[in-house]
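*Asks:* Here you go, one structure.
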Amino acid sequence: TMMSQLGRIRLVDRRDPLFQSFLDDLGNQVEVQGLRWLGAQGIGNIMHAMAKMNLRDDRTSRILFLQVEKHADWLVKEGSPQTIANTVWACATLEIE
């Protein structure tokens, strides 16, 4: 997926308007539709990519982490062990409790 590919990038210019637009669009969609439209694997990939890019303090990160917390039971039920591990790793890496 695009987010898993983005996760391979070691350095992100957070000032890049296209990157900011991408993050804003993602955050807006998650606010409107919740997480389920992404699917469990998509969520795990996005969370993993955000942690690899050290994206913790922007609006989209806060939205995603709040939604993951809100829907953790669903994610555990629907996600594979790898998806759950990616999500937990992302939270630990970004020091999200």
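For the record, in the sequence shown the residue sitting at position 96 is 960 according to the working numbering, with numbers rising by one throughout.
From the three backbone atoms N, C-alpha and C, an ideal C-beta is built for every residue, glycine too.
Looking at I910: is its Cβ nearer than 8 angstroms to the Cβ of L930?
*Replies:* The count along the sequence shown starts at 1 and reaches residue 910 at position 46. The count along the sequence shown starts at 1 and reaches residue 930 at position 66. Not in contact: I910 and L930 (Cβ atoms no closer than 8 angstroms).
*Asks:* Hey, A915 and G943 are a contact pair by Cβ (cut 8 angstroms); roughly how many whole angstroms apart?
*Replies:* Looking up residue 915 in the sequence shown gives position 51. Looking up residue 943 in the sequence shown gives position 79. A915 to G943, Cβ: 16 angstroms. No contact.
*Asks:* Leaving aside the five residues before and after E959 along the sequence, list all residues of the same chain whose C-beta is less than 8 angstroms from its C-beta, in chain order.
*Replies:* The residue you call residue 959 lines up with position 95 of the sequence shown. Excluding positions up to five away in sequence, the list reads R920.
*Asks:* Since V932 and L899 should fall inside the 8 angstroms C-beta cutoff, what is the C-beta to C-beta distance between them, to a whole number of angstroms?
*Replies:* Within the sequence shown, residue 932 is the residue found at index 68, counting from 1. Within the sequence shown, residue 899 is the residue found at index 35, counting from 1. Confirmed, about 7 angstroms.
*Asks:* Output the boundary residues of the alpha helix (DSSP H) element that contains L1012.
*Replies:* Outside the shown range of the chain (865 to 961) lies residue 1012, about which nothing can therefore be said.
*Asks:* Can you have a look at S885 and say buried or exposed, based on whether 16 or more other CB atoms are within 10 angstroms of its CB?
*Replies:* Mapped onto the sequence shown, residue 885 falls at position 21. Exposed: under 16 other Cβ atoms inside 10 Å.
*Asks:* In angstroms, rounded to a whole number, what distance separates the CA positions of N892 and I948?
*Replies:* For the purposes of this step, residue 892 is identified with residue 28 of the sequence shown, where counting begins at 1. For the purposes of this step, residue 948 is identified with residue 84 of the sequence shown, where counting begins at 1. Answer to the nearest angstrom: the Cα atoms are 23 angstroms apart.
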